[in-house]
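Visitor:
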Amino acid sequence: GALLGLGAGFASFMVYYALFTKNRRVRATVLGLLALAIAGYGLAFAFRDTAFIRSTPLSRLTHFEMSVSTRFIAWHIAWDGFKERPLTGWGFDTFHILFNQKYNPQSLRFGQYETWFDRSHNTILDVLSMTGLLGFIAFAGIFITLFFTSWRAFKKGWIDLPVSAVLVALPVAYFVQNLFVFDHPAAFSMSYLLFALVIASTRGEFVGRKDSDEEVHLGAKHDAPWVSLGVVYLLAFVLVWNASVQPFQASRFAILGSQAFASRREDVAYDLYRKSLDLWTPYRDELSFLTGRDIITLSAQGTLNKYKRWKDFYQIAKEASEEELSRHPKNTHPQFLYSRLLHEMAPLLSINPAEVEQRYKIAIETSPKRQQLYYSLARLYFQTRRPELAIDLYRKVKDFDPGFGEAHWTLGLSLMYDVNKKDEGAKEMIASQTAELPYRLQDPRELDALADAYLTAKDDKGLQHMMDSLATLPQADAATYAKLAHKLQDAGKSGLRDVILVYGQSVDERTRRFYDNPALATQPPPAPPKTVSPPPQVATNTVPSMIKR
Numbered sequence: 009g010a011l012l013g014l015g016a017g018f019a020s021f022m023v024y025y026a027l028f029t030k031n032r033r034v035r036a037t038v039l040g041l042l043a044l045a046i047a048g049y050g051l052a053f054a055f056r057d058t059a060f061i062r063s064t065p066l067s068r069l070t071h072f073e074m075s076v077s078t079r080f081i082a083w084h085i086a087w088d089g090f091k092e093r094p095l096t097g098w099g100f101d102t103f104h105i106l107f108n109q110k111y112n113p114q115s116l117r118f119g120q121y122e123t124w125f126d127r128s129h130n131t132i133l134d135v136l137s138m139t140g141l142l143g144f145i146a147f148a149g150i151f152i153t154l155f156f157t158s159w160r161a162f163k164k165g166w167i168d169l170p171v172s173a174v175l176v177a178l179p180v181a182y183f184v185q186n187l188f189v190f191d192h193p194a195a196f197s198m199s200y201l202l203f204a205l206v207i208a209s210t211r212g213e214f215v216g217r218k219d220s221d222e223e224v225h226l227g228a229k230h231d232a233p234w235v236s237l238g239v240v241y242l243l244a245f246v247l248v249w250n251a252s253v254q255p256f257q258a259s260r261f262a263i264l265g266s267q268a269f270a271s272r273r274e275d276v277a278y279d280l281y282r283k284s285l286d287l288w289t290p291y292r293d294e295l296s297f298l299t300g301r302d303i304i305t306l307s308a309q310g311t312l313n314k315y316k317r318w319k320d321f322y323q324i325a326k327e328a329s330e331e332e333l334s335r336h337p338k339n340t341h342p343q344f345l346y347s348r349l350l351h352e353m354a355p356l357l358s359i360n361p362a363e364v365e366q367r368y369k370i371a372i373e374t375s376p377k378r379q380q381l382y383y384s385l386a387r388l389y390f391q392t393r394r395p396e397l398a399i400d401l402y403r404k405v406k407d408f409d410p411g412f413g414e415a416h417w418t419l420g421l422s423l424m425y426d427v428n429k430k431d432e433g434a435k436e437m438i439a440s441q442t443a444e445l446p447y448r449l450q451d452p453r454e455l456d457a458l459a460d461a462y463l464t465a466k467d468d469k470g471l472q473h474m475m476d477s478l479a480t481l482p483q484a485d486a487a488t489y490a491k492l493a494h495k496l497q498d499a500g501k502s503g504l505r506d507v508i509l510v511y512g513q514s515v516d517e518r519t520r521r522f523y524d525n526p527a528l529a530t531q532p533p534p535a536p537p538k539t540v541s542p543p544p545q546v547a548t549n550t551v552p553s554m555i556k557r
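Position one of the sequence shown corresponds to residue 9 (the numbering used here), numbered consecutively onward.
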């Protein structure tokens, strides 16, 4: 965004200067340089995949796929939201509600982090979707006013052409930058200073109005309206204190509390959390997120009981979550987090599973196609011995994005190992490898599961491909490779058995011994082998596989 904004600023400066200069030679030179720059970019774009372009900063300006793929999804949602409410939009600071209600399941292809947007990463679309045409007209009016005042000051002779061109180019650069980002304090500060600069520089009373060749008139001086200023400053102080200072302090205490909690300073952490909760703020999501996340993580690890005051921390998280949801019930993330919190604490506090289930369903209503919500509810169904309900949810998730291999894999594992529907499960697991975005195995134990799928489906071609791709799959230990070799031997695949033994031996030299004497595999393994480099890191799985569970 910044690079494109800079380019647009230079281009608009040159066009404006060329349009209004009286020197034809200068006009031709400026337009020629602009045409040369455009042709140069076109040439760089045409050869964007060459090693030279990829090794230079030009790569950022010629390859947009990775940087804007998820933003295209958010932009589409913002535009749909605008079309649905074109006049007034969805309201200030509510893009997350729109994004969650119209959530595109393909967002998960880029990782869990890319599934939570509270802005569209495009200020213009933010304005359209949240404030509608009324807000957009007001927003566009700022730039129209800036352009008009710059042109007017130049025509009246208050500023010269280069200054006028700069004052036009700067807002253009800011506007184009905003096509790829959202405003934040640093950008806001610069934009306010920019607006002030343009307004002041184009006021005749400020820069010195030229009424004749000899005289320059400055504006008249006036006494400051101290009473009015005092009232305005007082109101501004109250507004800033309640809208910025108090929320800042609440968030600061919550963050410090989380740090103290992580270092096992329980009393300090509790006091900081309580200070955060006692401060008024229009949002409570910072505290509810930090406390909920910390407790959920420790509970999942089985270490929460090491904290003497864990019940007090849970109560803080519960209060913060309920306060946030009472004000913002359509906010999906705190809804999901509160559901997860109750889910983790249910066995420890005898919370009724029906209450947890209802919380998940409320969260799903706020974002009907968000996969994480269904995965967590499915986990609850498995824990309460309702696997068929869980599998129904997995089928629904798969239909959200049929080209996403991970959904096929999760469904297939559950069908094969939870409800013993091996043929259907094998079909889904194989589909996970041939999907538009194939599932990449995350755990060495999944090698055995994938081999089971190919053997069950009698897919020799797929099994052969798996053997050919062993070097790209997660590395396992000798016991895993030996077990897989025996499975291939029992299936009459002696050739593939030898392949897995040779590869396993290259990774862990005990593989052949474990194959010849399976009893050795039950002994505790030594330290992991260090002779082979680990496979490339891949994105974390969004839901633990059935094998892991």
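By construction, the Cβ of each residue, glycine as well, lies at the ideal position given by its N, Cα and C atoms.
Please report the Cβ distance between Leu-445 and Glu-432, rounded to the nearest whole angstrom; I am assuming they are in contact, meaning their Cβ atoms lie under 8 Å.
Guide: Not a contact, Cβ separation roughly 22 Å.
Visitor: Under the DSSP definition of a beta bridge, which residues are partnered with Phe-412?
Guide: Leu-445
Visitor: If you drop the 5 nearest sequence neighbours on each side, which residues of the same chain put their C-beta closer than 7 Å to that of Ser-375?
Guide: Asn-108, Gln-109, Tyr-111, Thr-340 and Leu-381
Visitor: Determine whether the beta carbon atoms of Leu-12 and Val-276 lie at a separation below 8 Å.
Guide: no
Visitor: Within the same chain, show all residues whose beta-carbon is closer than 6 Å to that of Glu-414, passing over the 5 residues directly before and after it, in chain order.
Guide: Only Tyr-447 meet the Cβ criterion.
Visitor: Using the three-state DSSP reduction, which class does Gly-97 fall into: helix, strand or coil?
Guide: coil
Visitor: Go ahead and label Tyr-241 buried or exposed: buried means 16 or more other beta carbons lie within 10 angstroms of its beta carbon, across all protein chains shown.
Guide: Classification for Tyr-241: exposed.
Visitor: Determine the extent of the alpha helix (DSSP H) in which Thr-210 is found, giving its start and end residues.
Guide: Run containing Thr-210: none; DSSP gives neither H nor E here.
Visitor: Determine, using beta-carbon pairs with one atom in the region 45-56 and one in the region 79-97, whether at least three such pairs fall under 8 Å.
Guide: no
Visitor: Does the region 140-151 touch the region 114-128, meaning 3 or more C-beta pairs lie closer than 8 Å?
Guide: no
Visitor: Identify, in the order they occur along the chain, each residue of the same chain with its Cβ nearer than 8 Å to the Cβ of Val-546, setting aside the five sequence neighbours on each side.
Guide: With a pLDDT of 33 at Val-546, under the threshold of 50, the modelled position of that residue is not reliable, and the figure given next carries that caveat. Contacts found: Arg-448 and Gln-450.
Visitor: Quick one: what does DSSP say Asn-313 is sitting in, helix, strand or coil?
Guide: helix
Visitor: Using only alpha-carbon positions, find the residue among Thr-289, Gln-267 and Asp-467 that is nearest to Asp-279.
Guide: Gln-267
Visitor: Distance, Cα to Cα, Pro-552 vs Lys-430?
Guide: At Pro-552, the pLDDT of 35 sits below 50, so the modelled position is not reliable; the number obtained from the coordinates is stated separately. If I take the Cα positions, the gap works out to 20 Å.
Visitor: Give the DSSP-derived three-state secondary structure of Tyr-389 in the structure shown.
Guide: helix
Visitor: Whole angstroms is fine: what's the gap from Pro-233's alpha carbon to Val-239's?
Guide: 10 Å
Visitor: Take Trp-318 and list the residues in its own chain whose beta-carbon comes closer than 7 Å to its own, dropping the five residues that flank it on each side.
Guide: Leu-312
Visitor: So, at 8 Å on beta carbons, what are the nonlocal neighbours of Lys-538 in its own chain, with the 5 sequence-adjacent residues on each side left out?
Guide: Residue placement at Lys-538 cannot be trusted, given a pLDDT of 36 that sits under 50; what the coordinates show is reported in the next sentence. Nothing listed; no residue qualifies.
Visitor: Tell me whether the beta-carbon of His-129 lies closer than 8 Å to the beta-carbon of Val-189.
Guide: yes
Visitor: Within the same chain, show all residues whose beta-carbon is closer than 7 Å to that of Ala-443, passing over the 5 residues directly before and after it, in chain order.
Guide: Cβ contact annotation for Ala-443 (same chain, cutoff 7 Å, sequence separation greater than five): Gly-411, Phe-412, Gly-413 and His-416, in chain order.
Visitor: Does the structure place the region 162-169 close enough to the region 125-142 that three or more beta carbon pairs sit under 8 Å?
Guide: No, the region 125-142 is not in contact with the region 162-169.
Visitor: Taking the straight line between their C-alpha atoms, what separation do you get for Ala-10 and Thr-464?
Guide: For Ala-10 and Thr-464, the distance between alpha carbons rounds to 54 Å.
Visitor: Run through DSSP, which three-state label would Phe-18 get?
Guide: helix
Visitor: Excluding five sequence neighbours on each side, which residues of the same chain lie with their C-beta closer than 6 Å to the C-beta of Phe-269?
Guide: Cβ contact annotation for Phe-269 (same chain, cutoff 6 Å, sequence separation greater than five): Ala-277 and Asp-302, in chain order.
Visitor: Put Gln-450 into one of helix, strand or coil per three-state DSSP.
Guide: coil
Visitor: Determine the DSSP secondary structure at Leu-11, reduced to helix, strand or coil.
Guide: helix
Visitor: If you measure between the beta carbons of Thr-388 and Pro-355, is that distance less than 8 Å?
Guide: First, the amino acid is wrong: residue 388 is Leu here, not Thr. Not closer than 8 Å, so no.
Visitor: When the Cα atoms are used, what is the spatial distance from Ser-63 to Val-510?
Guide: 39 Å
Visitor: By DSSP, does Ala-26 sit in helix, in strand, or in coil?
Guide: helix
Visitor: Within 10 angstroms of its Cβ, does Gln-309 collect 16 or more other Cβ (buried), or is it exposed?
Guide: exposed
Visitor: Considering only residues of the same chain and omitting the five flanking positions on each side of Ser-137, which have a CB-CB separation below 7 Å?
Guide: Ala-86, Gly-89, Phe-90, Gly-97, Trp-98, Phe-103, Leu-106 and Ser-128
Visitor: Report yes or no: do three or more beta-carbon pairs, one from the region 486-502 and one from the region 452-466, lie closer than 8 Å?
Guide: yes
Visitor: So which of Gln-323, Leu-264 and Arg-335 has the shortest CA-CA distance to Trp-288?
Guide: Arg-335
Visitor: When you compare only the Cα positions, how much space is there between Ser-259 and Ala-16?
Guide: 38 Å
Visitor: Run the CB neighbour count on Phe-156, radius 10 Å, all protein chains shown included, and call it buried at 16 or more, exposed below.
Guide: Flag for Phe-156 reads exposed.
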